[in-house]
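Q: Got a structure for you, questions after.
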Amino acid sequence: MSTLVIEGGRTLRGDVTVHGAKNSALPLLAAALLSDSPVVFERCPPLSDVKASCAILRHLGCTVVETDSGVEVMPDGMCRTYIPERLMREMRSSIVFLGAMLARAGEAHLCFPGGCELGPRPIDLHLSALRQMGVTVCEGGGAIHCYARDGLHGATVTLSFPSVGATENVLLAAVLARGETVIHNAANEPEIGDLCRFLTTCGACITCGDGTIRVRGVHRLIGCRYAVMPDRIEAATYLAAAAVTGGELMLHGVEPSHLSAVFSVLQEAGCALVAQEDRVHIRAPKRLHRVELIRTMPYPGFPTDAQAPMMAMTALAEGTSVFVETIFDSRYKHVAELQRMGASIKTEGRTAIVEGVPRLCGARVNCTDLRGGAALVVAALGADGVSEIGRVYHLDRGYASLVSGLERVGASIRRVDGT
Ligand code: UD1
């Protein structure tokens, strides 16, 4: 198992180029199953979750070529409709293959993605929407067997919560279905927009607006070249790292309009931000100010995935900051690790109260989950002394070339590969 060794207290300065978004690349790779011809994804980030998606596509019979510049999928060889538990468990968001397999083959067999580090991750919204579209779902012993014996048909689906994954699954099921599908209270995250843009480029007929997505089913989709949108959470993590070290960074390859809620928090903390086209420049003050309230919300609200890195930032701010996590039940596992570094944080239910301290101390800590791990990296960069961060495999799921990216802007960070 690998460890990150970070000597904190170095001011970050320089340029960082953000990768393609993990949360966009994963549904896009599943969507490639719907195309008649090869699909090339540019800017597909080299992450373990992307590799897991590629492994699922290969298992299903597709040819997948991973190169430095992207991923090419030849979907015509698809010959299986079953994802083994081993592959499902590697990446919990593999559930997004459900809608794509149903659309392509009329059936899908997989297991429940299971509970995870963020608390239970039910898929009731996915399944009830798919049932409305003509899918028979048989559940038992942790397995799900889904059949659309007479093909999928359009339906009017109202999600009780704008679930990102459920919206993606319904979209994937709808693009080749008979008739029109309307998704009310659909998720509005930029990654949903990216999926719609890709599908439309391939020939799908989709319109979006006011929380409603309309899909008119078409007979076929044709492959294309498509560049994955920039990763707004990777960008938010680098911005938090710049802020906590009193640094100054220029981020390249970002979409500033996706980061408005994150920018507001950083500005309240005293950072100066200038956004231009696909770049954003941040200059942090010597000591950060508190942020009165950070409430995670569906987009365009503050993203739950940026909660942990921002919490690490506020741990070193002057004054008390309050977080309210409204998306997931259990997303404060990183708090205990931050406390080991000297952070003063109290949690009660969905609320966390952070009393900023003047300094954090390097410590031995473990990543609890992907974004919790990012919080530890941010805290370690701002702490006095050396931190050793274990369970780095969580970070490998969502941060490409993190060590070299941070090293290039002045961090003292190295990865030690254990046995
Ligand atoms: C996606 C993102 C994840 C992000 C989250 C919220 C990917 C690969 N992952 O996860 O990084 O944190 O969106 O922005 O894109 N829920 C139900 N029933 C369902 C579906 C969801 O109760 O059928 C609940 C979940 O338990 C959770 C909330 O809805 O509390 C949000 O989940 P959802 O939006 O579906 O997140 P994911 O798609 O899993």
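Sequence positions in the sequence shown follow my numbering and run 240 to 658. Note that CB positions come from ideal geometry on N, CA and C, so glycine has one too.
Name the one or two DSSP bridge partners that Met-489 has.
A: The partner list for Met-489 (beta bridge, DSSP) reads Asp-254 and His-520.
Q: Is the region 596-614 touching the region 439-455 in the sense that three or more CB pairs, one from each, lie closer than 8 Å?
A: Cβ pair count under 8 Å is below three, so no.
Q: Would you decide whether Gly-354 is buried or exposed? Buried here means 16 or more other CB atoms lie within 10 Å of its CB.
A: At Gly-354, the pLDDT of 48 sits below 50, so the modelled position is not reliable and the matter cannot be decided from this model.
Q: Figure out for me which residue from Arg-579, Val-504, Tyr-321 and Ile-592 has the closest Cα to the Cα of Gly-601.
A: Taking only the C-alpha atoms, the option nearest Gly-601 is Arg-579.
Q: Can you have a look at His-306 and say buried or exposed, based on whether 16 or more other CB atoms are within 10 angstroms of its CB?
A: Note that residue 306 corresponds to Thr in the displayed sequence, not to His. By the neighbour-count rule (16 or more Cβ atoms within 10 Å), Thr-306 is not buried but exposed.
Q: Thinking C-beta only, is Val-631 closer than 8 Å to Arg-654?
A: Going by C-beta atoms, Arg-654 is nearer than 8 Å to Val-631.
Q: Should Thr-671 go down as buried or exposed, given a rule of 16 or more other Cβ atoms within 10 Å for buried?
A: As displayed, the chain neither begins before 240 nor continues past 658, which places residue 671 out of reach and without an answer.
Q: Should Leu-286 be labelled buried (16 or more other beta-carbon atoms within 10 Å of its own) or exposed?
A: Classification of Leu-286: buried, given that the 10 Å Cβ count is 16 or more.
Q: Using the Cβ count rule (16 or more neighbours within 10 Å means buried), how would you classify Leu-532?
A: Burial call: exposed.
Q: How big is the Cα-Cα spacing for Leu-299 and Pro-352?
A: In a straight line, the C-alpha of Leu-299 is about 18 Å away from that of Pro-352.
Q: So, helix, strand or coil for Ala-650, using DSSP?
A: Residue state, collapsed to three classes: coil.
Q: Start and end of the alpha helix (DSSP H) containing Val-483?
A: Val-483 -> alpha helix (DSSP H) spans 471-483.
Q: Would you mind sorting Pro-361 into buried or exposed? The rule is 16 or more other CB atoms within 10 Å of its CB.
A: The residue in question, Pro-361, is exposed, as its Cβ has fewer than 16 Cβ neighbours within 10 Å.
Q: Going residue by residue through the region 388-447, where are the continuous alpha helix (DSSP H) segments of at least 4 residues, counting only ones entirely within it?
A: Within the region 388-447, the complete alpha helix (DSSP H) runs of at least 4 residues are 403-413 and 429-440.
Q: Report the partner residues of Met-552 according to the DSSP bridge assignment.
A: DSSP, once it has assigned bridges, lists no residue as partnering Met-552.
Q: Quick check on the DSSP output: the alpha helix (DSSP H) that includes Met-340 runs from which residue to which?
A: Met-340 -> alpha helix (DSSP H) spans 336-344.
Q: State the Cα-Cα distance for the pair Pro-524 and Gly-404, rounded to the nearest angstrom.
A: Computed Cα separation, rounded: 38 Å.
Q: DSSP three-state label for Gly-354, please.
A: Its pLDDT being 48, under 50, Gly-354 is placed unreliably in this model, and the coordinates cannot settle the point.
Q: Could you tell me whether the Cβ atoms of Asp-415 and Gly-456 are closer together than 8 Å?
A: Position check: residue 415 holds Leu in this sequence, whereas Asp was assumed. Going by C-beta atoms, Leu-415 is nearer than 8 Å to Gly-456.
Q: How long is the line joining the alpha carbons of Ala-251 and Glu-487, rounded to whole angstroms?
A: The question names Ala, but residue 251 is Leu in the sequence shown. Between Leu-251 and Glu-487, the C-alpha separation is close to 6 Å.
Q: Would Pro-542 and Ile-472 be called neighbours here (beta carbons separated by less than 8 Å)?
A: Cβ atoms of Pro-542 and Ile-472: closer than 8 Å.
Q: May I ask whether a heavy atom of the ligand UD1 can be found less than 7 Å away from the beta carbon of Asn-229?
A: What is shown of the chain runs 240 to 658, which leaves residue 229 out entirely.
Q: Taking only three categories from DSSP, how would you classify Cys-606?
A: If DSSP states are grouped into helix, strand and coil, Cys-606 belongs with coil.
Q: Give every residue of the same chain whose Cβ lies closer than 7 Å to the Cβ of Gly-418, excluding the five residues on either side of it in the sequence, and list them in chain order.
A: Taken in chain order, the residues that qualify are His-392, Gly-393 and Gly-456.
Q: Am I right that Lys-292 and Met-327 are in contact with their C-beta atoms under 8 Å? What's the rounded C-beta distance?
A: For the record, residue 292 in the displayed sequence is Ser; it is not Lys. Not a contact, Cβ separation roughly 12 Å.
Q: State the start and end residues of the unbroken beta strand (DSSP E) segment that holds Cys-463.
A: First-last for Cys-463: undefined, no H or E at that position.
Q: Name, in chain order, the residues that DSSP records as bridge partners for Val-303.
A: Val-312.
Q: Starting from the C-beta of Asn-262, find all residues in its chain whose C-beta is less than 6 Å away, skip the five residues before and the five after it, and write them out in chain order.
A: Closer than 6 Å at Cβ, skipping near neighbours: Glu-430.
Q: Would you mind reading off the limits of the beta strand (DSSP E) that contains Leu-532?
A: Looking at the DSSP string, the run of the beta strand (DSSP E) that includes Leu-532 is 532-534.
Q: Can we say the region 458-469 touches the region 436-443, given the rule of at least three CB pairs closer than 8 Å?
A: Yes, they touch.
Q: Using a Cβ-based criterion (distance less than 7 Å to any ligand heavy atom), does Leu-286 qualify as near the ligand UD1?
A: It does not: the Cβ of Leu-286 is nowhere closer than 7 Å to a heavy atom of the ligand UD1.
Q: Run the CB neighbour count on Ile-245, radius 10 Å, all protein chains shown included, and call it buried at 16 or more, exposed below.
A: By the 10 Å Cβ count, Ile-245 comes out buried.
Q: Output yes or no for whether 8 Å exceeds the beta carbon distance between Arg-282 and His-258.
A: Yes, these two residues count as a Cβ contact at 8 Å.
Q: Might you give, ordered along the chain, the residues of its own chain that have their beta carbon closer than 7 Å to the beta carbon of Gly-621, omitting 5 neighbours on each side?
A: Hits under 7 Å: Gly-247, Val-483, Thr-484, Leu-555 and Leu-599.
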